[in-house]
Amino acid sequence: MFGFDTTQAKRRQGPRGKFDLPLLVALVGLACVGVVMVTSSSIAVADSTHMGEFYYLKRHLIYLALGMVAAGVAMRTELKVVEKHAFFLMLVAFIMLLAVFVPHLGMRLNGARRWLNLVVTSFQPVEAVKLILVVYLASYLVRHRESIETRFLGLIKPIAVSGVIVLLLLAQPDFGSATLVIAVTIALVWLGGARPIFLFIMGLPLMPLLAIAATSESYRMKRLTSFMDPWKDPFNDGFQLTQSLMAIGRGEWMGVGLGSSVLKLSYLPEAHTDFIFAVIGEELGLFGIIAVIGLFALTVWRGLHVGLKGVEVGQRFAGYIAFGISLMIGLQTMVSIGVNLGALPTKGLTLPLISYGGSSIVLTCAMAGVLLRATFEIYRALDARQMATRVPAAAVPDANPNNAREREAVAA
Numbered sequence: 041m042f043g044f045d046t047t048q049a050k051r052r053q054g055p056r057g058k059f060d061l062p063l064l065v066a067l068v069g070l071a072c073v074g075v076v077m078v079t080s081s082s083i084a085v086a087d088s089t090h091m092g093e094f095y096y097l098k099r100h101l102i103y104l105a106l107g108m109v110a111a112g113v114a115m116r117t118e119l120k121v122v123e124k125h126a127f128f129l130m131l132v133a134f135i136m137l138l139a140v141f142v143p144h145l146g147m148r149l150n151g152a153r154r155w156l157n158l159v160v161t162s163f164q165p166v167e168a169v170k171l172i173l174v175v176y177l178a179s180y181l182v183r184h185r186e187s188i189e190t191r192f193l194g195l196i197k198p199i200a201v202s203g204v205i206v207l208l209l210l211a212q213p214d215f216g217s218a219t220l221v222i223a224v225t226i227a228l229v230w231l232g233g234a235r236p237i238f239l240f241i242m243g244l245p246l247m248p249l250l251a252i253a254a255t256s257e258s259y260r261m262k263r264l265t266s267f268m269d270p271w272k273d274p275f276n277d278g279f280q281l282t283q284s285l286m287a288i289g290r291g292e293w294m295g296v297g298l299g300s301s302v303l304k305l306s307y308l309p310e311a312h313t314d315f316i317f318a319v320i321g322e323e324l325g326l327f328g329i330i331a332v333i334g335l336f337a338l339t340v341w342r343g344l345h346v347g348l349k350g351v352e353v354g355q356r357f358a359g360y361i362a363f364g365i366s367l368m369i370g371l372q373t374m375v376s377i378g379v380n381l382g383a384l385p386t387k388g389l390t391l392p393l394i395s396y397g398g399s400s401i402v403l404t405c406a407m408a409g410v411l412l413r414a415t416f417e418i419y420r421a422l423d424a425r426q427m428a429t430r431v432p433a434a435a436v437p438d439a440n441p442n443n444a445r446e447r448e449a450v451a452a
């Protein structure tokens with residue numbers, strides 16, 4: 041009657057953001073799948089070492105709770121605060137990667153120095169470095185946008201920073217994470233506007249270096265050759281992959297049933313960490329595999345989709361954050377699944393949000409929180425644009441003369 045709308049009253053409070061619901065559902069779904077599959081795949085391992093059937097489940101739930109706290113903090117933190125401290129965070133990343141080589145502080149497990157001894161637990165710095173690298177690259181792409189798009193020299197600094205990280209990872213050694221860092225850096229810089237020819241020229245020297253790194257150690261060569269024909273030596277170099285392939289093959293269409301895996305009974309190494317996807321295939325079958333891949337695909341698609349919207353509305357930092365985290369999760373997932381299926385050599389990368397692992401779970405949850413925060417700020421910017429372009433209700437003439445006479449009568 042008075043031309044007053046409650047929606048317009050809410051709008052006067054300012055633009056409002058929202059977390060991307062499909063993305064949130066996908067992330068929660070993956071975490072739930074992780075709880076179920078860690079429980080199923082770890083009972084036999086925990087029982088055989090006399091630690092109690094639910095030893096790994098209890099620890100996984102603790103890590104997941106810590107990760108949810110980290111995600112909650114990230115979701116409530118303005119990205120401009122994160123962007124402001126991007127350089128400092130990168131310094132912290134370098135310090136953590138160097139700290140693993142300090143005696144008594146760094147821990148050597150299975151021949152690699154990838155963990156820090158925190159007395160009560162261990163911590164794998166590379167999991168934090170993945171998130172920090174995305175933040176730093178996103179900040180750099182915003183600050184040096186014109187240089188990245190037009191000059192070859194504009195690529196030197198971000199590529200050099202990533203190169204130092206790669207060298208420190210190879211020294212640990214962690215060839216899988218090093219490859220992941222290179223791939224995400226190149227993809228994010230390209231999405232930031234760098235010319236493909238510049239990236240090609242920059243990447244030429246890296247190719248022989250990666251080839252040397254991959255073939256310089258005998259165990260890496262064995263991994264490269266054994267995955268091509270694991271049945272040639274199924275009880276030695278090809279043991280992990282043959283067990284993984286048998287597990288997935290047993291699952292067929294519908295799986296053998298949740299908890300009924302045979303290969304996880306001390307046959308499949310690292311069944312609750314690196315090769316948890318094989319257990320999923322055996323117990324849940326092809327339909328379970330499709331469902332898990334679908335959740336990851338939805339996560340990556342929503343992240344990239346909302347990131348593109350962020351760039352379009354001028355929220356470049358939030359957009360690049362969404363790009364980088366989506367790529368990090370998506371590429372790590374591809375590598376982990378590829379290893380389980382025998383399409384890639386063994387890399388030692390976990391399946392995000394599903395595999396057991398304290399550092400991986402906590403930092404992946406934090407990464408998911410930052411991604412959700414990016415979607416919140418992007419949607420807030422979209423809402424602000426809609427408010428700016430919306431015509432106020434009072435400025436629209438009323439074409440109905442009866443309504444005009446009614447308002448005059450009320451005013452009188």
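First residue of the sequence shown? That's 41 in my numbering, and the numbers climb one at a time after it. Even for Gly, the Cβ is constructed at its ideal location relative to N, Cα and C. Everything numeric in this text was worked out from a predicted model, so none of it was measured.
Residue from the options with nearest C-alpha to residue i
| i | options | result |
| --- | --- | --- |
| Ala358 | Ala139, Val182, Leu61, Tyr103 | Val182 |
| His312 | Leu149, Ala178, Leu384, Ser80 | Ser80 |
| Val319 | Met427, Ile222, Leu381, Tyr176 | Leu381 |
| Leu19 | Pro213, Val332, Pro392, Lys58 | As shown, the chain starts at 41 and ends at 452. That puts residue 19 outside it, with no answer to give. |
| Pro236 | Leu281, Glu189, Leu285 | Glu189 |
| Gly354 | Gly325, Glu417, Gly409 | Glu417 |
| Phe215 | Arg153, Ala408, Arg425, Val175 | Arg153 |
| Ile226 | Val85, Ser202, Gly388, Ile333 | Ser202 |
| Ala84 | Leu393, Gly409, Leu305 | Leu305 |
| Leu220 | Ala66, Lys170, Ala110, Asn276 | Lys170 |
| Ala200 | Ser88, Thr429, Pro245, Val340 | Pro245 |
| Thr492 | Ser88, Ala105, Met77 | In the structure displayed, the chain extends from 41 to 452; residue 492 sits before or after that span and is not available. |
| Pro392 | Leu324, Ser284, Lys272, Glu167 | Glu167 |
| Ile172 | Asn157, Lys124, Ala211 | Lys124 |
| Ser395 | Gln372, Met147, Leu384 | Gln372 |
| Ile369 | Leu239, Arg356, Leu308, Ile333 | Ile333 |
| Gly325 | Leu308, Ile222, Thr282, Ser300 | Ser300 |
Exposed unless 16 or more other CB atoms sit within 10 angstroms - verdict on residue i
| i | result |
| --- | --- |
| Val431 | For Val431, the predicted model reports a pLDDT of 49, less than 50, meaning its position is unreliable and no value from the coordinates is stated. |
| Val73 | buried |
| Trp155 | buried |
| Arg116 | exposed |
| Gly291 | buried |
| His90 | exposed |
| Met427 | exposed |
| Met247 | exposed |
| Glu118 | exposed |
| Val68 | exposed |
| Lys58 | exposed |
| Gly92 | exposed |
| His144 | exposed |
| Asp269 | exposed |
| Ile252 | exposed |
| Glu186 | exposed |
| Met77 | buried |
| Asp60 | buried |
| Ser284 | buried |
| Thr339 | buried |
| Gln48 | The predicted position of Gln48 is uncertain, since its pLDDT is 41 and thus under 50; no value can be drawn from it. |
| Arg56 | exposed |
| Ser82 | buried |
| Val121 | exposed |
| Gly107 | buried |
| Phe267 | buried |
| Ala331 | exposed |
Rounded Cβ spacing between residue i and residue j (contact assumed at less than 8 angstroms)
| i | j | result |
| --- | --- | --- |
| Thr386 | Val375 | Contact doesn't hold; Cβ gap of about 10 angstroms is too wide. |
| Ala421 | Ala114 | Incorrect: roughly 19 angstroms between the Cβ atoms, too far for contact. |
| Ile288 | Gly321 | 4 angstroms |
| Tyr96 | Leu129 | Wrong, their Cβ atoms sit about 31 angstroms apart, outside the cutoff. |
| Ile377 | Phe317 | 6 angstroms |
| Met242 | Leu195 | 6 angstroms |
| Leu335 | Ala66 | 5 angstroms |
| Ala408 | Gly350 | The pair is not a contact, with the Cβ atoms about 17 angstroms apart (cut-off 8 angstroms). |
| Ser179 | Ala111 | Going by Cβ atoms, the distance from Ser179 to Ala111 rounds to 21 angstroms, so no, they are not a contact pair. |
Restricting to runs no shorter than 4 residues, where is the alpha helix (DSSP H) found entirely within the region 316-404?
Those alpha helix (DSSP H) runs which fall completely within the region 316-404 and span 4+ residues are 316-352, 356-381.
- Message: Is it the case that the region 340-348 contacts the region 196-214, given that we only count it when at least three CB pairs across the two stretches are under 8 angstroms?
- Response: As far as the Cβ criterion goes, the region 196-214 does not touch the region 340-348, which means the pair count is below three.
Checklist entry - Can at least three beta-carbon pairs, one atom from the region 389-402 and one from the region 151-166, be found at a separation below 8 angstroms? => result Cβ pair count under 8 angstroms is three or more, so yes.
query = Would you say the region 354-368 touches the region 227-242, given that touching needs at least three Cβ pairs under 8 angstroms?
reply = The region 354-368 vs the region 227-242: in contact.
In chain order, what are the residue ranges of uninterrupted alpha helix (DSSP H) at least 4 long that sit wholly in the region 276-313? Taking only runs of at least 4 residues, the alpha helix (DSSP H) segments lying wholly in the region 276-313 are 279-291.
Review point. In chain order, which alpha helix (DSSP H) runs of at least 4 residues are fully inside the region 75-150?
Key: For the region 75-150, whole alpha helix (DSSP H) runs of length 4 or above, ordered along the chain, are 95-115, 119-124, 126-139.
Practice problem: Give, in chain order, every unbroken run of the alpha helix (DSSP H) that is at least 4 residues long and sits entirely within the region 173-254. | Solution: Fully enclosed alpha helix (DSSP H) runs of 4 or longer: 185-190, 196-211, 215-231, 236-243.
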